[in-house]
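J.: Sending over a structure as structure tokens; questions will come in a sec.
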Amino acid sequence: MIKKMSKAWIYVLAGGLAVVLLTGNAERSFRMKDAPLLFNDFAALKYQCEAAREFHSASGAIWGYDPHFMAGFPLGFVWNSNIALQRLAVLFPDASVDSVLKAFISIGLLLFAPLWWVSLRNFGLTRSEAAFGMALGGAYFMAGMPMLFFLGGMPTAGAGTCLSLLAASFVFKFAKEGRAASWAGAAAACALALFVHKTSAVALAPAFLAAAAWALLRRRFLRAVLVAAIPAVMLLANIQWVAVMFRFMPDMESVPEARFWMNLDIWRPFKDYFTASVSMNNHEFGGAFGAAHAATLWLLLGTGAAGAVALRRRGARGSAAFLAAFAAFFWLYSYYGAFLPGGQTLNPSRYFPLSQFALAAAGGVGIASWAESRSRRSAGRAAALLAAIVCAALMVIGSARAHFFYDNLLRQPAPPDALQLVEVLKQLPPGARVMLEDSGSMDEESEGQIFGKSQLPALFGVWTGREFIGGPYPYVFLKHRRAGFYDARAFGSRLADSRPDELLNRLKLYNVKWIVCWSGAAKEYFSKFSGYYALIDRAGRFDIFEVSGFEPSYFIRGGGDVSAGYGRIDVRNARAENGELILKYHWMSPHRTVPAIDISRFETPDDPVGFIRITDPPENFSILLP
Numbered sequence: 004m005i006k007k008m009s010k011a012w013i014y015v016l017a018g019g020l021a022v023v024l025l026t027g028n029a030e031r032s033f034r035m036k037d038a039p040l041l042f043n044d045f046a047a048l049k050y051q052c053e054a055a056r057e058f059h060s061a062s063g064a065i066w067g068y069d070p071h072f073m074a075g076f077p078l079g080f081v082w083n084s085n086i087a088l089q090r091l092a093v094l095f096p097d098a099s100v101d102s103v104l105k106a107f108i109s110i111g112l113l114l115f116a117p118l119w120w121v122s123l124r125n126f127g128l129t130r131s132e133a134a135f136g137m138a139l140g141g142a143y144f145m146a147g148m149p150m151l152f153f154l155g156g157m158p159t160a161g162a163g164t165c166l167s168l169l170a171a172s173f174v175f176k177f178a179k180e181g182r183a184a185s186w187a188g189a190a191a192a193c194a195l196a197l198f199v200h201k202t203s204a205v206a207l208a209p210a211f212l213a214a215a216a217w218a219l220l221r222r223r224f225l226r227a228v229l230v231a232a233i234p235a236v237m238l239l240a241n242i243q244w245v246a247v248m249f250r251f252m253p254d255m256e257s258v259p260e261a262r263f264w265m266n267l268d269i270w271r272p273f274k275d276y277f278t279a280s281v282s283m284n285n286h287e288f289g290g291a292f293g294a295a296h297a298a299t300l301w302l303l304l305g306t307g308a309a310g311a312v313a314l315r316r317r318g319a320r321g322s323a324a325f326l327a328a329f330a331a332f333f334w335l336y337s338y339y340g341a342f343l344p345g346g347q348t349l350n351p352s353r354y355f356p357l358s359q360f361a362l363a364a365a366g367g368v369g370i371a372s373w374a375e376s377r378s379r380r381s382a383g384r385a386a387a388l389l390a391a392i393v394c395a396a397l398m399v400i401g402s403a404r405a406h407f408f409y410d411n412l413l414r415q416p417a418p419p420d421a422l423q424l425v426e427v428l429k430q431l432p433p434g435a436r437v438m439l440e441d442s443g444s445m446d447e448e449s450e451g452q453i454f455g456k457s458q459l460p461a462l463f464g465v466w467t468g469r470e471f472i473g474g475p476y477p478y479v480f481l482k483h484r485r486a487g488f489y490d491a492r493a494f495g496s497r498l499a500d501s502r503p504d505e506l507l508n509r510l511k512l513y514n515v516k517w518i519v520c521w522s523g524a525a526k527e528y529f530s531k532f533s534g535y536y537a538l539i540d541r542a543g544r545f546d547i548f549e550v551s552g553f554e555p556s557y558f559i560r561g562g563g564d565v566s567a568g569y570g571r572i573d574v575r576n577a578r579a580e581n582g583e584l585i586l587k588y589h590w591m592s593p594h595r596t597v598p599a600i601d602i603s604r605f606e607t608p609d610d611p612v613g614f615i616r617i618t619d620p621p622e623n624f625s626i627l628l629p
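In this text, residue positions in the sequence shown follow our numbering: the first is 4, and each later residue adds one.
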């Protein structure tokens, strides 16, 4: 049978199934009309898109000052990496944000196959080799991390990974051939990859360095200069939002308890390859999924090594060296990058798929070399057919996992007690903030993400119009996060370590009149000091306390009436104290005022950001941010 089998049928089996399954999942995701898309980070994405629409309506920008969380903070592009989704939400204002997200997921899944095919061809693979590369890449996409990116609330990370591979392939092709079309393809793909997800800059840095070194070693100095020009074009094409990101980089602050996308276990590679378990973003999976993932890793490693040898034998040393170096670099960086000084900041483990896709590209050459072997023709075709069948099995297993997401996690509604809490919050009197205990996957007390395995508090500002200390996400890596509350931690300290008088002063500083908590530690703390706090209501697992004996005010100094919305703060009937007002809103620059007034930062040791001070204020004025 094997002897009579046409090679073409093996290629169809190898590449065709990848296209069919990926296309099927794309169609399935688009049909999720009744799915609320709240699972994991999707709630945060919806918040960012809704905010972008509000900002754009007010100022024409998609970023600005959000007063609903952390006493006001810049919802720009330091913490947020979803510029593409925000742009799409603004571009299609009549579509629901859910529809925008579902369309992005569907199109991303649909485009992986053709983009991966182009990438493989750019790396110098023949059609038959690319067909097997499609099968290997499809197997890893379905059974590995990329599909989890798309369905776990990080679709821009998934799309950014695919586009980074495409961009790297064009960079390699230009370094090798020097054609203008390849340079244009590289520049366009790099710019688009960065637009979709800013971590593409890290993903592409080794490709730029390798391509420039390749050109220099071959004494192609102009080509090396043109390679160096590609990242410049990439940045310039995105300068509108990159400039905003750099403006607020000084506000960055590490979050030690949030160890996302980093490996701190030196034995993790051994566990991934030999114990049928896998760690993804600090969550360990075993069972059929762990076994399938381990099988995928071994398949890619074995075929990738065979492919590198085959490439060298046929004289394609450039392709062999580039793919091997790309795979080795991101394999090592993903597993051990967090051990480097400052290495945890860039979430090294999220780049692991790049190493596996590089192996898949080389692996396509390896399997094709078996299928086309003349010395052991029957055995080679049998090995190629077996590899294609294994790829098919892994894709089916991965597809079954995806369907679990479609049928369960992505359809999971908001918990009833969270919706009950939203209604209670809407009924509270205006004029003060609510301190809301957020929850994340790194919670010490709970199982993590107690709001229905969702970052649901990110939407509380949209749903209630209230301002919160706590949210939109427990691990926002900005200084502003000190005005936060999650997992029994308030204002940067554990409640158990907080003196009641000091905490009360902080609550007054941020104009907090009500406290919502879910953790036992927080409930115990606020119940213990009944002279300061009174339990006034419950919504399921949430206790609601009121700060006793405190008259709310949004002014540290002076008085008046304040209202705030996306990108603006309005003050009416202002009453200055000694010629100035100090608002309990965080400072942000740039800003405009109507009318023009003297505005400056009020610095205090109690807050790392500072507040807004107005000197000689008029009776009525507005602050527009930006």
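All C-beta atoms in this analysis are idealised placements derived from N, C-alpha and C, irrespective of residue type, glycine included.
1. In terms of residues, what are the limits of the alpha helix (DSSP H) holding Ala309?
2. Comparing C-alpha positions only, which one of Ala567, Pro593, Ile559, Tyr588 sits nearest to Glu580?
3. Which of the three DSSP states is assigned to Ser99 in this structure?
4. Which one or two residues does DSSP pair with Met438 in a beta bridge?
5. Just reading off the alpha helix (DSSP H) that Asn411 is part of, what are its end residues?
6. What do you get for Lys429, buried or exposed, if any count of 16 or more other CB atoms within 10 angstroms of its CB means buried?
7. Between which two residues does the beta strand (DSSP E) carrying Gly563 extend?
8. From which residue to which residue does the alpha helix (DSSP H) around Met248 run?
9. So which of Phe135, Glu554, Gly367, Pro272 has the shortest CA-CA distance to Asn508?
10. Using a Cβ-Cβ cutoff of less than 8 Å, which residues in the same chain neighbour Val81 once the five nearest sequence positions on both sides are dropped?
11. When you compare each of Leu195, Arg315, Thr618, Tyr588 to Met73 by their alpha carbons, which one comes out closest?
12. Would you mind giving the Cβ-Cβ distance between Asn266 and Ser352, rounded to the nearest angstrom? I have them listed as a contact below 8 Å.
13. From what residue to what residue does the beta strand (DSSP E) around Thr618 run?
14. Going by DSSP in three states, His589 sits in which element: helix, strand or coil?
15. Taking Cβ positions, are Leu41 and Leu459 nearer each other than 9 Å?
16. Please go through the same chain and pick out, in chain order, the residues whose beta-carbon is closer than 7 Å to the beta-carbon of Asp540, but skip the five residues on each side of it.
17. Starting from Cys143, follow the alpha helix (DSSP H) in both directions and report where the run begins and ends.
18. Do you know offhand how far Tyr3's Cα is from Thr299's?
19. Quick check: the region 184–198 against the region 134–152, are at least 3 beta-carbon pairs closer than 8 Å?
20. In or out: Lys531 buried (at least 16 other Cβ within 10 Å) or exposed?
21. Run through DSSP, which three-state label would Asp546 get?
22. Where does Tyr1 fall in DSSP's three states?
23. Under 6 Å Cβ to Cβ from Phe45, same chain only, skipping five residues before and after it: list those, please.
24. What does Phe72 pair with, by DSSP beta-bridge criteria?
25. For a test of the three-state rule: what should DSSP assign to Gly523, helix, strand or coil?
26. Using DSSP's beta-bridge definition, name the partner residues of Met255.
27. Please work out which residues of its chain come closer than 6 Å, Cβ to Cβ, to Asp2, disregarding the five sequence neighbours upstream and downstream, and give them in chain order.
28. Based on DSSP bridge pairs, tell me the residues matched to Ile572.
29. What do you reckon, are the CB atoms on Val205 and Tyr339 nearer than 9 Å?
30. Helix, strand or coil, according to DSSP, for Pro77 in the structure here?
31. Helix, strand or coil for Phe488? Go by DSSP, reduced to three states.
T.: Straight from the coordinates:
1. 290–316
2. Ile559
3. coil
4. Ile472, Ile518
5. It is not in any alpha helix (DSSP H) - Asn411 carries neither H nor E in the DSSP assignment.
6. exposed
7. 562–568
8. From DSSP, the alpha helix (DSSP H) with Met248 extends over 242–250.
9. Glu554
10. Met248, Phe251, Met252, Asp254, Met255, Phe480, Leu481
11. A check of alpha carbon separations from Met73 across Leu195, Arg315, Thr618, Tyr588 identifies Tyr588 as the nearest.
12. 5 Å
13. 610–618
14. strand
15. The answer is yes: Cβ separation under 9 Å.
16. Val427, Ile547
17. Reading the sequence as shown, one finds Tyr at residue 143 and not Cys. Element bounds for Tyr143: 130–146.
18. A query on residue 3 cannot be resolved here, the shown segment of the chain reaching from 4 to 629 and no further.
19. no
20. exposed
21. strand
22. The chain is shown from 4 up to 629; residue 1 falls before or after that span and cannot be answered.
23. Gly156
24. Answer is Phe471, bridged to Phe72.
25. helix
26. DSSP output for Met255 lists Leu481 as bridge partner(s).
27. Because the chain is modelled from 4 through 629, residue 2 falls outside the range shown and cannot be assessed.
28. Ala567, Ile626
29. In this structure, the beta-carbon distance from Val205 to Tyr339 does not fall below 9 Å.
30. strand
31. strand
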